[in-house]
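Scroll down for the structure; my scribbles are underneath it.
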Amino acid sequence: MGACFWRLCAILFVCAIVTTAEDPYRFFDWNVTYGDIYPLGVRQQGILINGQFPGPDIYSVTNDNLIINVHNSLPEPFLISWNGIQQRRNSYQDGVYGTTCPIPPGKNFTYILQVKDQIGSFYYFPSLAFHKAAGGFGGIRILSRPKIPVPFPDPADDYTILIGDWYKANHMSLKAILDRGKKLHFPDAILINGKGLNGASFTVEQGKTYRFRISNVGLQNSLNFRIQGHKMKLVEVEGTHTLQTTFSSLDVHVGQSYSVLVTADQPAQDYYIAVTSRFTAQVLNTTAILHYSNSAKPVSGPPPGGPTTQIDWSINQARAIRTNLTASGPRPNPQGSYHYGMINITRTIKLANSAAQVNGKQRYAVNSVSFIPADTPLKVADYFKIGGVFRVGSIPDNPTGARMYLDTSVMGADFRAFVEVVFENHESIIQSWHLDGYAFFVVGMDGGLWTPDSRKQYNLRDAISRSTTQVYPRSWTAIYIALDNVGMWNLRTEFWGRRYLGQQFYLRVYSPVESIRDEYPIPSNALLCGRASGRSTRPV
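So the sequence shown is residues -21 to -1, 1 to 519, counted in mature numbering (1 follows the signal peptide of the UniProt record, and there is no 0).
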């Protein structure tokens, strides 16, 4: 355990005591290692955090300061990113290579995060070198402060459920396939909390209600989640309280997180929790167990079946997920007080995904640009004003129809602009897109081509606010974003093989004032690499 870490902890702890108005601190010390795991009954090399697969949950409360000291005991560089945690004015802590130098082998780095004005269900994951296919992920829950009312009674317990597709192959073998410019084969299985068929179990008491936080931490497949004989009441999506709609099953697309309430109101026995892949010719299935503490018998009968229809059922469910305008958010004011539908759009950006061969190798792109990493993290280069690392405007605002090409794609955007982004999917697969540092309003989605007339069907009153959205095959999805968070933010597909092969870019939200009111300076403990090596992070 590094002396510097504990010195930092002591300083922060003293500050928290002396300054009574300061928000609480929570300290975590993580050791990242390789270790043997057996999720499908065969030995695999997994990424463990403090010996755990999946990693430990992060439990916090709105505005908490999270001090997470990560020791990299892997033989290669490593980074952790925080899916859905909106680091205000601080993209240096984002944990992706465009903003942060990797933690070298045998070294450590202390992330200093604040879950500012956030509630809800999220997760963390490793962002480098296809490490996500080996584990290293875990749940994040942010509870409301005690004085802020929550629109449902406290549950009897609160469970994290991490679902995702999984390969039997070692993640290094999968990475080698991608490095050769080949496509990955279909995954081998679905895991629930790192376990295969009937490996995971959740205990409930008859008559009580429980909260399940469901996150799809997989690599490429949308999944349907359901519980035999039980209904699920949706109450929260990635930090937004929802209208409390009841579902018998729920589509959870890659990168997405949901909270549902489940009441143990059935006869005392065990029931299947079923998860099935969606929108695929080959269907993957797995199950876990909902165990009543006074269970009279084990699970019986077939697991519950999923939706019998595909796109129409799923898109109708997605449209039914809306913000609860009467619920309080992390602050003591209604979430619905932000009237996004009355704000004029200052810019429209259209983004289209594509797949093609470049120089004989499989690549993926956004608006014909397939992202290639620079030799220096873009945000670090931006801070030190190192030229030649990236070029703002290296990706166009609209699809051009041009042949796919390679570039370190960065799109410039103005601080405090209010933009419309339209994701266009011309392929026969479903897509899932995520923007770091932000929650956005999902105002519309439909099949076919988007036109300006499509705005007539937008939900401009209570659209859900979230950080990850799906785009159905040969369809479009439109979002509104208030660009109120200065920094360099990764906009990416959540299909991890596609992201690795270029389907991402960075949105540089820029303020010419360069004030600490708008953006924090580079952390004094920031790791420096590439062309920034040897420079100082101390203020001049």
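Backbone N, C-alpha and C define an ideal beta-carbon position, used for all residues, glycine too.
Pairwise C-alpha distance: residue j and residue i
i           : j      : result
PRO134      : LYS187 : 8 Å
THR12       : SER180 : 26 Å
LYS435      : VAL401 : 14 Å
HIS232      : LEU170 : 15 Å
GLY173      : ASN323 : 45 Å
LEU439      : GLY513 : 50 Å
residue 599 : ALA168 : Residue 599 is absent from the structure shown; the chain starts at -21 and stops at 519.
LEU153      : GLN482 : 17 Å
LEU304      : TYR317 : 10 Å
GLY85       : THR302 : 45 Å
VAL371      : TYR485 : 9 Å
GLY30       : ASN377 : 46 Å
VAL337      : LYS276 : 57 Å
CYS80       : ARG510 : 11 Å
GLN185      : GLY178 : 22 Å
PHE204      : LEU53  : 34 Å
GLY117      : SER106 : 13 Å
ASN87       : GLY366 : 29 Å
TYR250      : GLN235 : 25 Å
ILE(-5)     : ARG5   : Its pLDDT being 34, under 50, ILE(-5) is placed unreliably by the model, and the measurement read from it follows with that caveat. Approximately 13 Å, taken between the alpha carbons.
GLN24       : GLN449 : 31 Å
TRP455      : LEU428 : 7 Å
THR139      : ARG382 : 43 Å
TYR459      : GLU403 : 15 Å
ASN195      : VAL262 : 16 Å
Contacts around residue i, its chain only, beta-carbon distance under 6 Å, and the 5 residues preceding and following it disregarded
i           : result
SER433      : none
THR224      : LEU213 and ALA299
GLN93       : ASN44
ILE47       : PHE7 and TYR90
residue 555 : Outside the shown range of the chain, which is -21 to 519, sits residue 555, and nothing can be said about it.
PRO502      : TYR71
SER333      : ALA344
Sequence-distant residues of the same chain with beta carbon closer than 7 Å to residue i, five excluded per side
i      : result
ILE294 : MET424 and TYR451
SER70  : THR78, LYS358, GLY416, GLY466, MET467 and TRP468
GLY320 : LEU439 and ARG440
TRP292 : PRO286
ASN273 : GLN185 and ALA247
ASP497 : ARG68, PHE394, VAL465 and SER490
N- and C-terminal bounds of the beta strand (DSSP E) containing residue i
i      : result
LYS340 : 340 to 345
MET151 : No beta strand (DSSP E) contains MET151, which is instead part of the alpha helix (DSSP H) from 150 to 158.
SER238 : 236 to 242
THR188 : 188 to 195
LYS212 : 211 to 216
PHE165 : No beta strand (DSSP E) holds PHE165; DSSP gives it neither H nor E.
TYR102 : 99 to 105
PRO391 : The amino acid occupying residue 391 in the given sequence is Gly; Pro does not appear at that position. Start and end: 388 to 393.
PHE7   : 4 to 16
PHE397 : 397 to 404
HIS270 : 264 to 271
LEU202 : 202 to 206
ASP133 : Counting along the chain, ASP133 falls outside any beta strand (DSSP E), and DSSP gives it neither H nor E.
GLY118 : 117 to 122
THR516 : That residue, THR516, is in no beta strand (DSSP E); it is neither H nor E in DSSP.
LYS329 : 326 to 337
LEU229 : 228 to 231
PHE350 : 348 to 350
ASP354 : Looking at the DSSP string, ASP354 is not in any beta strand (DSSP E), and its letter there is neither H nor E.
VAL450 : 447 to 450
ASP376 : Premise fails: ASP376 is in no beta strand (DSSP E) and is neither H nor E.
PHE181 : 180 to 183
ALA253 : 249 to 256
Min CB distance residue i to chain C below 8 Å
i      : result
PHE104 : Among the chains of the structure shown, chain C does not appear; only one protein chain is present.
Residues near residue i by beta carbon distance below 8 Å, same chain, minus five either side
i       : result
PRO83   : ASN51, PRO56 and LEU506
PHE(-9) : Low confidence applies to PHE(-9): its pLDDT is 39, below 50, so where it sits in the model is not reliable, and the reading given next is rough at best. Answer for PHE(-9): TYR4, listed in chain order.
Residue range of the unbroken alpha helix (DSSP H) whose run includes residue i
i      : result
PHE363 : 357 to 363
ILE290 : 290 to 299
GLY476 : 475 to 479
Three or more C-beta pairs below 8 Å linking the segment 257 to 274 and the segment 213 to 229: Contact check between the segment 257 to 274 and the segment 213 to 229: fewer than three CB pairs, one atom from each, fall below 8 Å, which does not count as touching.
Cβ contact check for the segment 13 to 21 and the segment 144 to 157: 3 or more pairs under 8 Å: At 8 Å Cβ cutoff, the stretches touch.
Given 8 Å, three or more beta-carbon pairs between the segment 95 to 110 and the segment 55 to 72: The answer is yes - the segment 55 to 72 touches the segment 95 to 110, with three or more Cβ pairs under 8 Å.
Meets three-Cβ-pair contact criterion under 8 Å: the segment 346 to 354 and the segment 489 to 501: Two segments are said to touch when three or more pairs of C-beta atoms, one from each, lie closer than 8 Å; by this definition the segment 346 to 354 does not touch the segment 489 to 501.
Those runs of the beta strand (DSSP E) which lie wholly inside the segment 411 to 437 and span at least 3 residues: Runs of beta strand (DSSP E) with 3 or more residues, each lying fully within the segment 411 to 437, are found at 419 to 426, listed in chain order.
At least 3 beta-carbon pairs within less than 8 Å: the segment 468 to 488 vs the segment 190 to 208: Enough Cβ pairs lie closer than 8 Å, so yes.
Any 3 or more C-beta pairs closer than 8 Å across the segment 384 to 393 and the segment 300 to 311: Judged by pairs of C-beta atoms under 8 Å, the segment 384 to 393 does not touch the segment 300 to 311, as fewer than three such pairs exist.
Unbroken stretches of the alpha helix (DSSP H), 4 residues or longer, contained in the segment 458 to 513: Listed in chain order, the complete alpha helix (DSSP H) runs (minimum 4 residues) inside the segment 458 to 513 are 475 to 479.
Segments assigned beta strand (DSSP E), at least 3 residues, entirely inside the segment 56 to 86: DSSP runs (the beta strand (DSSP E)) wholly in the segment 56 to 86: 59 to 62.
Beta strand (DSSP E) runs wholly inside the segment 29 to 57, at least 3 long, in chain order: Counting only runs that start and end inside the segment 29 to 57, the beta strand (DSSP E) elements of at least 3 residues fall at 37 to 40 and 44 to 51.
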